[in-house]
Every structure is written in C-alpha cells, then in structure tokens.
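This report refers to the structure that appears directly beneath it.
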Amino acid sequence: MTRDNSAESEAVTGRLLILEYEQVKEEQRARIGFRDNLLYATLAAMAAIITFSLQSHGRPELLLLLPPASALLGWAYLVNDEKISAIGRYVREDLGPRLTALAPGRPPVFGWERAHRDDGRRVSRKRLQLAADLLLFTVAPIAALIVYWTSEPVRAVLLAVSVAEVALVLVLAVQIVLYADLHRP
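For the sequence shown, counting from 1, position 108 maps to 108 in the UniProt record's numbering; every step adds exactly one.
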C-alpha cells in the first residue's frame, strides 16, 4: 500500500470513528434523559399509590403495589445508568485510544471523558448518589411494607406476597450497590 493510500485509509478510519463517537454520545444523551425521567416517574408512582391507599378508606394492602413498581422502575433506572457508564468507558478505553493512534504526537482525544472523572469529590458524589438511589428504590418500598405489616390484621396470603416483595427489593438493592462505580477512574 502506498503512503497516499495509507493516509487516505487512516483519514477514512478517523471519520468513521468520529461518526461512531457521535452516535454513541447521542445514545448516551438519550439514555441520560430517560434515566433521569425514571426518577420522576418513580416519585409519581409512589405518590399515586400512597394517595390511592389513603383515599380508599385506609386500605394499607394497596401499599403492596409500591415495592413492585419501585423495583420495576429501579431496574430500568439501573440498566440505563449502567449503559451510560459503559458508553463512557468505551469512549475512554477503546474509541479514544484508536483515534489517538491515528494522530501520533498529538494529545489524546476526548480528554473530557477522563477529566471529569478525576474530580477529587467524585467518590463522595457517587456515594451520595448511591444513598439517594437506595432511598428511592429500596428504602421507600420497605417503609411501605412496614406500614402494611403494622396496620390492621394482615392476611396470610398478603403477608407471603410482602415477604416476596422484600426479596425483590433486596435483590435490587444489591444490584444498585454492585453497579455504584465508587472506585477511582
């Protein structure tokens, strides 16, 4: 292959990598919007369930709807959050280095993808986010179950359902902690 063909091939490869970057960043932006809206959807679902429970002449068994709703929305939140992080990792660890290799002697590309992770308060922010995620998606549903358990007579079948819901919420809690990304860059 001649030098001109090699340079042309590298230029085409570079353009394709930039196009890929634009596409994955667009996916990341869309997922961030969707993930963030899931927080509001969860709060709205909780408010609706609690309101419905109170307006239905104090039927605490309706609170048993809150744990599955929280788990479903929490899982969708977690999956999207992980994909957002995976896209960032891919840009930092794969796409960026491949583009940098096409331009030897120049600074690495996509510096922001690394720089924003170097903030000294990143770990404390991630811990606070973990606490907020656990509060919304696991503590609130467990609180609803406690309210149900301490209400008037608890029926055996609904008690069994509530115990299964505890397991569901605990599985989600473990997954939230495992995906929290508390380590340094």
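Note that CB positions come from ideal geometry on N, CA and C, so glycine has one too.
C-alpha gap between residue i and residue j, whole angstroms
i	j	result
Ser85	Ala143	30 Å
Gly96	Ala115	13 Å
Gly74	Ala30	18 Å
Val174	Ala156	27 Å
Tyr21	Val109	11 Å
Leu19	His183	30 Å
Glu61	Gln55	13 Å
Ala101	Asp133	39 Å
Gly105	Val12	19 Å
Thr150	Glu27	45 Å
Ala76	Met46	16 Å
Glu8	Leu17	14 Å
Val154	Ala44	27 Å
Gly120	Gly111	17 Å
Gly58	Val147	11 Å
Ala103	Ser6	13 Å
Leu39	Arg122	21 Å
Leu158	Glu152	12 Å
Gly14	Arg125	35 Å
Pro141	Asp181	24 Å
Pro107	Val163	56 Å
Residue i vs residue j beta-carbon contact at 8 Å
i	j	result
residue 202	Asp118	This structure does not reach residue 202, given that the chain is present from 1 up to 185, and the question cannot be answered.
Glu165	Leu145	yes
Ile49	Leu63	yes
Ile87	Leu130	no
Val161	Tyr90	no
Thr51	Phe137	no
Glu113	Arg127	no
Endpoints, the alpha helix (DSSP H) within which residue i is located
i	result
Leu158	Ala156 to Leu178
Interface flag, residue i vs chain D, CB-CB below 8 Å
i	result
Pro68	This model lacks chain D altogether, as it is built from one protein chain only.
Would you call the region 153 to 172 and the region 63 to 80 touching, i.e. three or more CB-CB distances under 8 Å? yes
Which whole runs of the alpha helix (DSSP H) in the region 69 to 145 are 4 residues long or more, in chain order? 96 to 102, 111 to 115 and 122 to 134
Answer yes if the region 96 to 105 comes into contact with the region 33 to 47, meaning at least three C-beta pairs across the two stretches below 8 Å, and no otherwise. no
Quick check for students: name the residue ranges of the beta strand (DSSP E) that lie wholly in the region 13 to 61, counting only runs of 3 or more. none
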